[in-house]
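Take a look at the structure below.
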Amino acid sequence: MRLRNKPWAEEMITDHPEVIIPNPEDFKGNWQAVFGNDNPIHIEVGSGKGQFVTGMALQNPTINYIGIELYDSVIVCALEKVLEAKSPANLRLLKVNGADLYKFFDKNDVSRVYLNFSDPWPKTRHAKRRLTHGDFLKLYESILVDNGEVHFKTDNRGLFEYSLISMSEYGMLLKYVSLDLHANMPEDNVMTEYEEKFSAKGQPIYRLESQFITKL
């Protein structure tokens, strides 16, 4: 996601280091120092305007959440949402590239990764850019606890089918698969902005929960 440039975004981001961590590499392996507890950490890669990660943090106060977004014009929208929610103590944002997670998280730092409405990169030559490509799965596994999970939602059938195959071939356990999440929506489902938009148009929302299998 990329929005129109906001000249004031950089200054606002700088003014709120309590939400958008300015030096996340300093906390690799020690995120307890940020949150002040040992609660599990869930991250959303590509958190967009922040509706999902903020909603999850409010719904689950005993879990720590980190939203990851690269672009100033987008993460500043998430920052506004966090501030509107009175800056939950269990929520932080990082303005970094999702491909660089290894720079900021050590093995066992994260319990779950969320991928919501990621860019489908439909052209075959761009397959490696898809966030469910094997290279990204390897990256997630390198920062997750043993038997850590990846939860994925999309409106794109092609990307969903690709992700099912990619995760299966990687050896992950597919714990939950839905071809129409809203037909029997879980009570605790927190919708993203895109999810609200697409579901309102009657488009099915696909959901997948997968788990890495610890190799003995």
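Position 23 of the sequence shown, counted from 1, bears residue number 23 in UniProt numbering, the numbering being contiguous throughout.
The C-beta atom is built at its ideal place from N, Cα and C for all residues, glycine as well.
Residue j beta carbon less than 8 Å from that of residue i
{"i": "Leu91", "j": "Leu115", "result": "no"}
{"i": "Asn30", "j": "Asn64", "result": "no"}
{"i": "Gly46", "j": "Ile68", "result": "yes"}
{"i": "Val96", "j": "Phe105", "result": "no"}
{"i": "Leu181", "j": "Arg157", "result": "no"}
{"i": "Ile75", "j": "Ile21", "result": "no"}
{"i": "Gly148", "j": "Ser111", "result": "yes"}
{"i": "Val145", "j": "Gln59", "result": "no"}
{"i": "Ser118", "j": "Met167", "result": "no"}
{"i": "Asp155", "j": "Ile205", "result": "yes"}
Backbone secondary structure at residue i - three-state DSSP
{"i": "Tyr71", "result": "coil"}
{"i": "Asn187", "result": "Before going further, note that residue 187 is Glu rather than Asn in the sequence given. Coil, per DSSP."}
{"i": "Asp146", "result": "strand"}
{"i": "Ser87", "result": "coil"}
{"i": "Lys81", "result": "helix"}
{"i": "Leu137", "result": "helix"}
{"i": "Lys175", "result": "strand"}
Residue(s) in a DSSP beta bridge with residue i
{"i": "Ile21", "result": "For Ile21, which the question treats as bridged, DSSP gives no partner whatsoever."}
{"i": "Val45", "result": "Ile68"}
{"i": "Phe152", "result": "Leu115, Leu208"}
{"i": "Val76", "result": "Partner(s): none; Val76 has no beta bridge."}
{"i": "Arg92", "result": "Ile66"}
{"i": "Val110", "result": "Leu144"}
Residue i versus residue j - alpha carbon distance
{"i": "Glu195", "j": "Met185", "result": "12 Å"}
{"i": "Ser199", "j": "Ala78", "result": "21 Å"}
{"i": "Asp100", "j": "Ser142", "result": "12 Å"}
{"i": "Pro53", "j": "Glu44", "result": "Note that residue 53 is Val in the sequence shown, not Pro. Each residue's Cα considered, the two are about 7 Å apart."}
{"i": "Lys197", "j": "Gln203", "result": "9 Å"}
{"i": "Glu18", "j": "Tyr140", "result": "25 Å"}
{"i": "Asp109", "j": "Gly48", "result": "22 Å"}
{"i": "Glu161", "j": "Pro122", "result": "12 Å"}
{"i": "Asn23", "j": "Leu70", "result": "14 Å"}
{"i": "Phe27", "j": "Ile41", "result": "13 Å"}
Residue nearest to residue i in terms of C-alpha spacing, selected from the options
{"i": "Leu83", "options": "Pro61, Gly50, Val110, Phe105", "result": "Gly50"}
{"i": "Ser163", "options": "Pro120, Gln203, His16, Gly98", "result": "Pro120"}
{"i": "Thr85", "options": "Leu94, Val113, Met56", "result": "At residue 85 the sequence reads Ala, which differs from the Thr that was named. When each option's Cα is compared against that of Ala85, the closest is Met56."}
{"i": "Ile165", "options": "Val150, Lys138, His133", "result": "His133"}
{"i": "Asp72", "options": "Asp188, Lys201, Thr192, Lys6", "result": "Lys6"}
{"i": "Thr124", "options": "His151, Lys215, Glu169, Leu159", "result": "Leu159"}
{"i": "Glu80", "options": "Ala127, Trp8, Pro61, Glu25", "result": "Trp8"}
is_contact[residue i, chain D] using C-beta, thresh 8 Å
{"i": "Arg207", "result": "In the displayed structure, chain D is absent; only one protein chain is listed."}
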